[in-house]
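Worksheet: the structure to be examined is printed underneath.
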Amino acid sequence: MSNKTHFLGDNAISFLDEDFFNFRHYADKIKTLIQLNSSNPNPLTIGIYGKWGEGKTSFLNLIQNRIEHFEKDQNGKEYLKFNFNPWRYSVEEEMLFDFFDSLSKRFYVEKDNDIQEVGKWILKYSKYLKAVKISSTVGIPKFLNKTVEFSPDEVFKALGEDMKGEKLTLEILKNKVNDAIKKVNFKVVIFIDDVDRLDKNEIYTILKLIKLNANFDHFIFIIALDSEHVAKAIKDRYGDEIEDGYLFLEKIINIPIHLPRIENDDLNYFFKVKLKTILDNLSFLDDEKKSQFLMDLSSEISKNQFNSPREIVKILNSFFISAFSIGEEINLKDLFWLEFIKVRNEKCYSFLKSYVDNNIFKNPNSMVDFQENFADDPYEFRENKFSEFNNVKKILERLFPKNNENIYNNIQEITIVDKSLSVNSHEHYDKYFSYHMERKIGNRSVKEIEKSIVEENETGITNIIEELFTNSETINEDKIVYKIVGIIQGIKDKKQRDFFCKYLFKNIKLIPDTNNKEFRIEITQLIGKILNDDIDIENIPENGIPNNPNKDISVELANMAELEELTAFIRAFYQSRKVEFGLIDIYVKKVKIYVEDNPLFYKDPFNLPNKSIFYHLSEKEDSEFLISILNKDIKSIEDVRKLVRNFVPYYNSSFFGSINKEEYLEIKKRISIEFILNKVIEFDTSYLDNQPLFEKGIERTNKSTEDENLRQLLHWYLKENELDNKLNKILN
19 MSNKTHFLGD NAISFLDEDF FNFRHYADKI KTLIQLNSSN PNPLTIGIYG
69 KWGEGKTSFL NLIQNRIEHF EKDQNGKEYL KFNFNPWRYS VEEEMLFDFF
119 DSLSKRFYVE KDNDIQEVGK WILKYSKYLK AVKISSTVGI PKFLNKTVEF
169 SPDEVFKALG EDMKGEKLTL EILKNKVNDA IKKVNFKVVI FIDDVDRLDK
219 NEIYTILKLI KLNANFDHFI FIIALDSEHV AKAIKDRYGD EIEDGYLFLE
269 KIINIPIHLP RIENDDLNYF FKVKLKTILD NLSFLDDEKK SQFLMDLSSE
319 ISKNQFNSPR EIVKILNSFF ISAFSIGEEI NLKDLFWLEF IKVRNEKCYS
369 FLKSYVDNNI FKNPNSMVDF QENFADDPYE FRENKFSEFN NVKKILERLF
419 PKNNENIYNN IQEITIVDKS LSVNSHEHYD KYFSYHMERK IGNRSVKEIE
469 KSIVEENETG ITNIIEELFT NSETINEDKI VYKIVGIIQG IKDKKQRDFF
519 CKYLFKNIKL IPDTNNKEFR IEITQLIGKI LNDDIDIENI PENGIPNNPN
569 KDISVELANM AELEELTAFI RAFYQSRKVE FGLIDIYVKK VKIYVEDNPL
619 FYKDPFNLPN KSIFYHLSEK EDSEFLISIL NKDIKSIEDV RKLVRNFVPY
669 YNSSFFGSIN KEEYLEIKKR ISIEFILNKV IEFDTSYLDN QPLFEKGIER
719 TNKSTEDENL RQLLHWYLKE NELDNKLNKI LN
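By the working numbering, the letter at position 619 of the sequence shown is numbered 637, and the numbering carries on one by one without gaps.
Okay, here's the thing in structure tokens:
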């Protein structure tokens, strides 16, 4: 095991080289104050005021260090330091008695008998206090009569010490202590810390100790506390308001000193030093990535980002745990800001952690932005929620920007967001809170594919893709395809892009053909769109056709593709009409071969190429070729109905609609209606004898059967020709 420290300690600083906040300058002033007070025998209490995590303990330590290096003149006093932490004790009495016991032992460390004498009298003083406390608690009667008296001497005997000589009181014992201290010419500096962590009774006990029980001459108490917290704790003893607590505190503290302000530059410097320590412990980051992360994060850190050093340590330790768990699979910068939110506003973090986007009609070209699509104001929920977390609102807006209304630009943004593993990606959001990669695709797999693309290593790509789809029981196939799509969109180098496109066309069967080959279609159509959109918009020739450098690769891919994939591929070209590269000619050539090999293709209206077959053959005026094939293979009215079904719109992936007049006019362009009519006459003339009236008209979104679709088509044909006949009679 390495001895390397992985977590940042929250310990107070002890040495000057740890003083990131330049407290030492003010600590020197406190040292001077103590020196100037050396001739004053009266006890003195200095309060160091500061909030949680601002560095009160560190400041105390620096004062102690400066006391070690006092320059004393010939008659200057010696300084004895004593640290007392009242938080160690669970019982108030234990705290009180151990203070004196430990303090007395501090004097016994010295070899000088006079100094040890101080310790002796403090110990007696402590035992007397203990005797009084025990007597008042359990009661030790001197005489068994109506009057109950308590004898400390008898308690001392019970404790093993027989007090002989003069009758002692607390006041006499205190004077003995004062005389002994005066004789050795000592100043005793007592440092008390962690008062903020005590309950209200314990706080009162420690203040009483300072002001009443241990207010010996030449004693200087330096106590670190949060004045507001202490005032709230003691106010009920002296009034009802917090001001009553402050007034009492003023009676205890002779010199209140507020911690020096930590300048933002110092706090940010502390953050950068500690962040670098954390990053050095993340083995998956190389030096270049560490430097880049430091630079990127530093550019987002505002000058007043942090409240205290302790908050910084807490944020960075939380960040380290999360980064250590899943740092390679997320965006480290986004993770840091989530951990910042976790520390700064736990309620906000809980909201983010539990958030689920339940919008089933969510646009796939969108990012996590807490939009409710069907609300009157889609962003009302977002604005209300973000306003609840006002102290981190700006961070939320940066992590989760609103979706771009321009869908095309938004697709580009999503590609960047997904590739950078950002938290506002639907693909990556959950990982930031679950810290695992089960049933997810690791970024390492993506990186290996990208590396193989650069190296033009087809075997490497195949191995990874096969492995991913082999594990498709635990990883949804659509997520794998989504990753492949992201890789395609993210390639900027033309040579690498062309290599990967050719690889995918050649190995398209690696992609499962589930759901009517929708995954294969998605990939090939995307590639077509990328190649089609890669145009020089700044230098468009006079003919208006923009320059596009992708003709050769587009033609090569078209020749490689099977008809289903080619249909999707060229769709990207003819939809936007930017360029064509002669792809339609390639398509028509393949269509003719396909139709001859599959003459019954029309019987499956779900077959992707069908509509394109009719469309492109009619556009190329090759409909007669298709009619000749169909004429041989249509042998029943059922076949006629199947043929017509190919031209009917299919809605919501669930039902076929109707043929209204607009649909009919479009069908006329793609196939001879007379051919269909002749087939109806050949197989079933009842369709012509029993034509429905369609009095309410025909809505294209009405669900229809195959029989109804055929009747609708004939309805429009007969109606059109009846009108034509009337016109002919009028004109003739």
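Yeah, the Cβ is synthetic: ideal placement off N, Cα and C, and Gly gets one too. This one's a predicted model, so the numbers in the text were calculated from it and none came from an experiment.
Among all the DSSP beta bridges, which residues are the ones paired with residue i?
{"i": "residue 248", "result": "None, per the DSSP bridge assignment."}
{"i": "residue 274", "result": "65"}
{"i": "residue 242", "result": "66"}
{"i": "residue 237", "result": "206"}
{"i": "residue 101", "result": "209"}
{"i": "residue 673", "result": "669"}
{"i": "residue 96", "result": "204"}
So the alpha helix (DSSP H) residue i belongs to, where does it begin and stop?
{"i": "residue 662", "result": "655 to 663"}
{"i": "residue 202", "result": "188 to 202"}
{"i": "residue 486", "result": "476 to 488"}
{"i": "residue 444", "result": "It is not in any alpha helix (DSSP H) - residue 444 carries neither H nor E in the DSSP assignment."}
{"i": "residue 282", "result": "282 to 298"}
{"i": "residue 116", "result": "110 to 126"}
{"i": "residue 313", "result": "305 to 318"}
{"i": "residue 216", "result": "First-last for residue 216: undefined, no H or E at that position."}
{"i": "residue 469", "result": "461 to 472"}
{"i": "residue 335", "result": "327 to 344"}
{"i": "residue 699", "result": "691 to 701"}
{"i": "residue 505", "result": "495 to 508"}
{"i": "residue 301", "result": "Segment: none, residue 301 is in no alpha helix (DSSP H) and carries neither H nor E."}
{"i": "residue 72", "result": "Per DSSP, residue 72 belongs to no alpha helix (DSSP H) and is neither H nor E."}
{"i": "residue 628", "result": "627 to 637"}
{"i": "residue 232", "result": "Premise fails: residue 232 is in no alpha helix (DSSP H) and is neither H nor E."}
{"i": "residue 513", "result": "512 to 524"}
{"i": "residue 227", "result": "First-last for residue 227: undefined, no H or E at that position."}
{"i": "residue 642", "result": "641 to 651"}
{"i": "residue 451", "result": "449 to 452"}
{"i": "residue 44", "result": "42 to 54"}
{"i": "residue 679", "result": "679 to 688"}
{"i": "residue 706", "result": "704 to 707"}
Let's see if you can read the secondary structure: which residues bound the beta strand (DSSP E) around residue i?
{"i": "residue 9", "result": "The requested residue 9 does not occur in the structure, where the chain is confined to residues 19 to 750."}
Check the C-beta distance from residue i over to residue j and give it rounded, since I have them as a contact under 8 Å.
{"i": "residue 13", "j": "residue 521", "result": "Lying outside 19 to 750, the shown extent of the chain, residue 13 is not represented and no answer is given."}
{"i": "residue 68", "j": "residue 247", "result": "11 Å between Cβ atoms; not a contact."}
{"i": "residue 439", "j": "residue 503", "result": "That pair is no contact at about 16 Å."}
{"i": "residue 528", "j": "residue 471", "result": "Their Cβ separation, rounded to whole angstroms, is 15 Å, which puts residue 528 and residue 471 out of contact at 8 Å."}
{"i": "residue 214", "j": "residue 70", "result": "7 Å"}
{"i": "residue 735", "j": "residue 683", "result": "Between residue 683 and residue 735 the Cβ distance is about 11 Å, and since that is not below 8 Å, they are no contact."}
{"i": "residue 727", "j": "residue 677", "result": "6 Å"}
{"i": "residue 459", "j": "residue 498", "result": "6 Å"}
{"i": "residue 62", "j": "residue 142", "result": "The Cβ separation is near 24 Å, so there is no contact."}
{"i": "residue 121", "j": "residue 204", "result": "Rounded, the Cβ-Cβ distance is 12 Å, inconsistent with contact."}
{"i": "residue 363", "j": "residue 407", "result": "5 Å"}
Every unbroken alpha helix (DSSP H) within the stretch 570 to 625, with a cutoff of 4 residues, ordered by chain: When DSSP assignments are scanned along the stretch 570 to 625, the uninterrupted stretches of alpha helix (DSSP H) that are 4 or more residues long and fall wholly within it turn out to be 581 to 594, 601 to 615.
Taking contact to mean 3 or more Cβ pairs, one atom from each stretch, closer than 8 Å, check whether the stretch 294 to 303 and the stretch 41 to 48 are in contact. No, the stretch 294 to 303 is not in contact with the stretch 41 to 48.
Measuring CB atoms only, is the stretch 100 to 113 touching the stretch 191 to 205, in the sense that at least three cross pairs come out at less than 8 Å? Judged by Cβ distances under 8 Å, the stretch 100 to 113 makes no contact with the stretch 191 to 205, as fewer than three pairs qualify.
Taking 8 Å as the threshold, find out whether the stretch 224 to 241 comes into contact with the stretch 258 to 265 through three or more Cβ pairs. Touching, no.
Mind the definition here: the stretch 639 to 646 touches the stretch 666 to 685 only if three or more C-beta pairs lie below 8 Å; say whether that holds. Contact between the stretch 639 to 646 and the stretch 666 to 685 is absent, because fewer than three Cβ pairs lie under 8 Å.
Does the stretch 284 to 299 come into contact with the stretch 52 to 62, if we say contact requires no fewer than three beta-carbon pairs (one atom in each stretch) closer than 8 Å? Touching, no, given that fewer than three Cβ pairs across the two stretches are closer than 8 Å.
Check whether the stretch 579 to 592 touches the stretch 616 to 635, counting contact only when three or more Cβ pairs, one atom from each stretch, lie closer than 8 Å. At 8 Å Cβ cutoff, the stretches touch.
Three or more C-beta pairs under 8 Å: does that hold for the stretch 71 to 78 against the stretch 232 to 243? Three or more Cβ pairs drawn from the stretch 71 to 78 and the stretch 232 to 243 lie within less than 8 Å of each other, which places the two stretches in contact.
State whether the stretch 313 to 324 contacts the stretch 401 to 410, with contact taken as three or more CB pairs (one from each stretch) at a distance under 8 Å. Contact between the stretch 313 to 324 and the stretch 401 to 410 is absent, because fewer than three Cβ pairs lie under 8 Å.
Quick check on the DSSP output: what are the complete alpha helix (DSSP H) runs of length 4 or more inside the stretch 345 to 414, in order along the chain? Those alpha helix (DSSP H) runs which fall completely within the stretch 345 to 414 and span 4+ residues are 350 to 362, 364 to 372, 398 to 406.
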